[in-house]
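**Q** Handing you this structure, nothing more for now.
Protein chains: 2
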Amino acid sequence: MNKKNAVPYFGRRGLIFVLSSPSGAGKTTISRELLRLDDNLVMSVSTTTRPKRAGETEGVDYNFVDDKTFERMTAGAEFLEHAHVFGYHYGTPRAPVETALQAGTDVLFDIDWQGTQQLATDENMGVDLVSVFILPPSTEELESRLNSRARDPDEVVRERMAKASGEMSHFLEYAYIIVNEDIDQSVARVQAILDGERSRTSRQVGLHDFVQGLRGVD
Amino acid sequence: MNKKNAVPYFGRRGLIFVLSSPSGAGKTTISRELLRLDDNLVMSVSTTTRPKRAGETEGVDYNFVDDKTFERMTAGAEFLEHAHVFGYHYGTPRAPVETALQAGTDVLFDIDWQGTQQLATDENMGVDLVSVFILPPSTEELESRLNSRARDPDEVVRERMAKASGEMSHFLEYAYIIVNEDIDQSVARVQAILDGERSRTSRQVGLHDFVQGLRGVD
Chain A
41 MNKKNAVPYF GRRGLIFVLS SPSGAGKTTI SRELLRLDDN LVMSVSTTTR PKRAGETEGV
101 DYNFVDDKTF ERMTAGAEFL EHAHVFGYHY GTPRAPVETA LQAGTDVLFD IDWQGTQQLA
161 TDENMGVDLV SVFILPPSTE ELESRLNSRA RDPDEVVRER MAKASGEMSH FLEYAYIIVN
221 EDIDQSVARV QAILDGERSR TSRQVGLHDF VQGLRGVD
Chain B
41 MNKKNAVPYF GRRGLIFVLS SPSGAGKTTI SRELLRLDDN LVMSVSTTTR PKRAGETEGV
101 DYNFVDDKTF ERMTAGAEFL EHAHVFGYHY GTPRAPVETA LQAGTDVLFD IDWQGTQQLA
161 TDENMGVDLV SVFILPPSTE ELESRLNSRA RDPDEVVRER MAKASGEMSH FLEYAYIIVN
221 EDIDQSVARV QAILDGERSR TSRQVGLHDF VQGLRGVD
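Protein sequences, first through last, are from chains A and B. In this note's numbering, each residue's number is its place in the first sequence (first place is 1) plus 40. In this note's numbering, each residue's number is its place in the second sequence (first place is 1) plus 40.
Encoded structure:
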């Protein structure tokens, strides 16, 4: 528990904290910093059918499953959101997220607009959702970050820019928006959004009884 | 301008930041600290028909007017919210608040649940409203704060407790809730709510054009 955010008087339901952005806008760095600084936030671990890469750990980076298992999980509505990207399936299992939320732990999601739409329209999870979109400060900055990632052919970079443009076209579907010019400032802003949302009246559990007690009413 | 919260890429409409609480919960101290720490927040100055007290300054503490002027202003819908308390009228003039919001300045309101309801249902101001309710940690604490205020007769204290109970019964009408046990922690929480709300997508002006520019679309 993050002592700073502990409210001993009543419980709190955790929230689903979604960060989306075009790749190259700094989302991964911001996520890592948030997880490092905030003791009450955990990362959602996705399930995927893509092969494990060197250095990845089962259950930490991903849950690696075969196509059959993924199909069975999809049919059983075990995913909060799932997508098919570059020939592989990715999905977020529902059960561990629900367990975390009930325990008052907040869950960080690093997903795109398609995943966010699935979460936002989920009949059980929509009220828990807090969505933040991170924008780059300029096209030049975005291009330079996409180029510096690897020495990729121009065509690949152009494809990434087109994907970034498509992602950014969905900015209005997010409750909050951040322009990531300075990483420390952006982390502070995202942390304020998270901390503020933790104080939402609708997330507190047992508040009615607490206030009745204050008022001297049984 | 609070540099911390400056977003140079597009404008932002200010927000109406309402703090309500039963008296004795620490709201005045929290308000004073917020105003001291935050350069982009100003206090709304109310208009009242009650006589000026020693030490009060016209235009800073209140705008002091006579009954006739107040009635004329009410009839002209010049108030965002107004109330009749202990024989005197109090009201918030609409024009200076609208000017501040358009300039991107946030306005702090220290009002009760009745004033908050009027703001929340105002056809122009409802979207700008961010409301926070501050609770005391316990009835004992509330009683002791109400008693230590002045050496008032028991009847007056009982009346204040009844008023506090009535105020607290409206907690669910507020978007955010804080239990004020430690003043520094409470100020930090309220500041996080304010900072978080400043990043709301819906408050940004010119965001569409900025994103179109990033996407390379005219």
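The beta carbon of each residue, even a glycine, is placed where N, CA and C say it ideally should be.
Under a three-way DSSP split, which group does D224/B fall into?
**A** It is helical.
**Q** Name the residue from E98/A, L120/A, V125/A and A143/A whose alpha carbon lies nearest to the alpha carbon of A160/A.
**A** It is L120/A.
**Q** Pull out every residue of the segment 153 to 172 of chain B whose Cβ sits closer than 8 angstroms to any Cβ of chain A, in chain order.
**A** Cβ contacts with chain A come from V172.
**Q** Nearest-angstrom Cα distance between S184/B and S61/A?
**A** Rounded to the nearest angstrom, the two C-alpha atoms are 50 angstroms apart.
**Q** To the nearest angstrom, how far is it from the Cα of N187/A to the Cα of I56/B?
**A** When rounded, the distance between both Cα atoms is 43 angstroms.
**Q** How many angstroms separate the CA atom of D222/B from the CA atom of K108/B?
**A** Taking the straight line joining both Cα atoms gives about 44 angstroms.
**Q** Taking the alpha-carbon of M83/B as reference, which of R243/B, H210/B and L141/B has the nearest alpha-carbon?
**A** Out of R243/B, H210/B and L141/B, L141/B has the C-alpha closest to the C-alpha of M83/B.
**Q** Counting C-beta neighbours from all protein chains within 10 Å, is the total for A46/B 16 or more, i.e. buried, or is it exposed?
**A** Its pLDDT being 45, under 50, A46/B is placed unreliably in this model, and the value from its coordinates should be taken loosely. It is exposed - the Cβ of A46/B has fewer than 16 other Cβ atoms within 10 Å.
**Q** Need the endpoints of the beta strand (DSSP E) that E121/B sits in, please.
**A** F119 to V125 is the span of the beta strand (DSSP E), which, as asked, contains E121/B.
**Q** Closer than 7 angstroms between beta carbons: that is the criterion. Which residues of the segment 55 to 87 of chain A meet it against chain B?
**A** Answer set for the segment 55 to 87 of chain A: empty.
**Q** Check the Cβ of F211/B against every Cβ in chain A and list those closer than 9 angstroms, keeping chain order.
**A** Under the 9 angstroms cutoff, chain A gives T241, L247, H248 and V251.
**Q** Are the beta-carbon atoms belonging to V58/B and I151/B less than 9 angstroms from one another?
**A** Cβ distance < 9 angstroms, so V58/B and I151/B count as in contact.
**Q** Would you grab the beta carbon distance between H122/A and T89/A for me? Rounded to a whole angstrom, and I think it's under 8 angstroms.
**A** Going by Cβ atoms, the distance from H122/A to T89/A rounds to 10 angstroms, so no, they are not a contact pair.
**Q** State yes or no: is the beta carbon of D235/A nearer than 9 angstroms to at least one beta carbon in chain B?
**A** Yes, D235/A counts as interfacial toward chain B.
**Q** Shorter than 8 angstroms, the distance from the beta carbon of M201/B to the closest heavy atom of the ligand GDP, or not?
**A** Inclusion of the ligand GDP in the displayed structure is not the case, the ligand content being empty and no account of it being possible.
**Q** Does the beta-carbon of S242/B have 16 or more other beta-carbons within 10 angstroms, so that it is buried, or is it exposed?
**A** Exposed, because fewer than 16 other Cβ atoms sit within 10 Å of the Cβ of S242/B.
**Q** Below 8 angstroms on the Cβ atoms is my contact criterion, and I expect I70/A with V219/A to pass it. Report the Cβ-Cβ distance as a whole number of Å.
**A** 12 angstroms between Cβ atoms; not a contact.
**Q** Kindly indicate which three-state DSSP category N187/A falls into: helix, strand or coil?
**A** In this structure, N187/A counts as helix in the three-state DSSP scheme.
**Q** Can you say whether E207/B is buried or exposed, counting buried as having 16 or more other CB atoms within 10 angstroms of its CB?
**A** With 16 or more Cβ atoms within 10 Å of its Cβ, E207/B is classed as buried.
**Q** Please go through the same chain and pick out, in chain order, the residues whose beta-carbon is closer than 6 angstroms to the beta-carbon of P177/A, but skip the five residues on each side of it.
**A** Hits under 6 angstroms: V219 and E221.
**Q** What is the residue span of the alpha helix (DSSP H) that G155/A lies within?
**A** Run containing G155/A: W153 to A160, per the alpha helix (DSSP H) assignment.
**Q** How would you write the range of the alpha helix (DSSP H) that T69/B sits in, first residue to last?
**A** Its alpha helix (DSSP H) spans residues K67 to L77.
**Q** Name the chain B residues that come within less than 8 angstroms of M208/A, Cβ to Cβ?
**A** Residues of chain B passing the Cβ test: V251, L254 and R255.
**Q** Is Q291/B close to chain A? Criterion is C-beta to C-beta, closer than 9 angstroms.
**A** Outside the modelled stretch of chain B, which goes from 41 to 258, sits residue 291/B, for which no answer is possible.
**Q** For K92/A, count the other beta carbons within 10 Å of its own beta carbon; 16 or more makes it buried, fewer makes it exposed. Which is it?
**A** Answer is exposed; the Cβ neighbour count stays below 16.
**Q** Please classify E96/B: does DSSP put it in a helix, a strand, or coil?
**A** It is coil, neither helix nor strand.
**Q** V147/B touches chain A at which residues, Cβ-Cβ below 8 angstroms?
**A** Simply none; closest approach about 18 angstroms.
**Q** With a cut-off of 9 angstroms, does the C-beta of S184/B fall near any C-beta of chain A?
**A** So no, S184/B is outside the interface.
**Q** Give me, in chain order, the residues of the same chain whose beta-carbon lies closer than 6 angstroms to that of Y216/A; leave out the 5 immediate sequence neighbours on both sides.
**A** Same-chain partners within the cutoff: V172 and I233.
**Q** Using a Cβ-Cβ cutoff of less than 6 angstroms, which residues in the same chain neighbour G131/A once the five nearest sequence positions on both sides are dropped?
**A** Closer than 6 angstroms at the Cβ level, and outside the excluded window around G131/A, lie T87, F119 and H122.
**Q** Counting only the same chain and skipping the five closest in sequence on each side, list residues whose C-beta sits under 7 angstroms from that of H124/B.
**A** Hits under 7 angstroms: none found.
**Q** In whole angstroms, what is the alpha-carbon distance linking K43/A and V170/B?
**A** Confidence is the limiting factor: at K43/A the pLDDT is only 41, short of 50, which leaves the residue's position unreliable and the question unanswerable from this model.
**Q** T32/B versus chain A: which residues are under 9 angstroms apart at the beta carbon?
**A** The shown model of chain B, from 41 to 258, leaves out residue 32/B, and the question about it has no answer.
**Q** Is it buried or exposed, G144/B, if we count other Cβ atoms within 10 angstroms and call 16 or more buried?
**A** The residue in question, G144/B, is buried, as its Cβ has 16 or more Cβ neighbours within 10 Å.
**Q** Taking F211/A as the reference, give the member of G64/B, D106/B and Q252/B with the closest Cα.
**A** Closest by alpha carbon: Q252/B.
**Q** With DSSP as the reference, label V257/A as helix, strand or coil.
**A** V257/A: coil per DSSP, three-state reduction.
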